[in-house]
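**Q** Position in the sequence shown counted from 1, then plus 298, gives you our numbering. I have a structure I would like to understand better, so I am pasting it below and will then ask my questions one at a time.
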Amino acid sequence: MFKTTLAAALVSVGVLGLAGCDVKKTQEGNVTVPKYEVEKKQSGDVTLPKYDVTTPDVKVGSKDATVTVPKVETEKKTIEVPTVDVKTAREKEQEQAAKQMGSTGTTTK
Numbered sequence: 299m300f301k302t303t304l305a306a307a308l309v310s311v312g313v314l315g316l317a318g319c320d321v322k323k324t325q326e327g328n329v330t331v332p333k334y335e336v337e338k339k340q341s342g343d344v345t346l347p348k349y350d351v352t353t354p355d356v357k358v359g360s361k362d363a364t365v366t367v368p369k370v371e372t373e374k375k376t377i378e379v380p381t382v383d384v385k386t387a388r389e390k391e392q393e394q395a396a397k398q399m400g401s402t403g404t405t406t407k
């Protein structure tokens, strides 16, 4: 539970850190879409906008805290648990063949 709480806290800090970004647009973008019919009439031109992004400083650490934790005790106890015994088809055939060989065997005197 402690690791889950710590992970949630770190994700929360990360999300809050992204909200503190300062973004400044430094250049306009331009896209000229090419025109097509049977032949290409015009070439396309793409200029993407540029951005400067200043991210916040985030410091992650830990500190000691006193918390109330429940005490759990265990004991050993003998209980009945289910078991599974599997015989494959081949094992069943071999077992039946062995029984038949034993019962149909000839006796000599």
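C-beta atoms are modelled at their ideal positions from N, C-alpha and C, and glycine is treated no differently.
Restricting to Cα atoms, I'd like to know which of Q398, Q394, M399 and C319 is closest to V356.
**A** For V356, the nearest C-alpha among the options comes from C319.
**Q** In this structure, how does DSSP classify Q325 when only helix, strand and coil are distinguished?
**A** Of the three classes helix, strand and coil, the one that applies to Q325 here is strand, per DSSP.
**Q** With a threshold of 7 Å on Cβ separation, who are the neighbours of G342 within its own chain once the five nearest residues in sequence on each side are excluded?
**A** Only T330, V331 and P332 meet the Cβ criterion.
**Q** Who are the Cβ neighbours of V351 in its own chain at under 7 Å, not counting the five residues just before and after it?
**A** Within the same chain, V351 has close Cβ partners C319 and V321.
**Q** What ranges does the beta strand (DSSP E) occupy inside the segment 319 to 386, keeping only unbroken runs of at least 3 residues that lie completely in it?
**A** Segments of the beta strand (DSSP E) lying fully in the segment 319 to 386: 320 to 325, 328 to 330, 343 to 345 and 348 to 352.
**Q** Count the other CB atoms, across all protein chains shown, that sit within 10 Å of the CB of K407; report buried if there are 16 or more and exposed otherwise.
**A** Here K407 scores only 49 on pLDDT, less than 50, and its place in the model should not be relied on; the value that follows carries that caveat. It is exposed - the Cβ of K407 has fewer than 16 other Cβ atoms within 10 Å.
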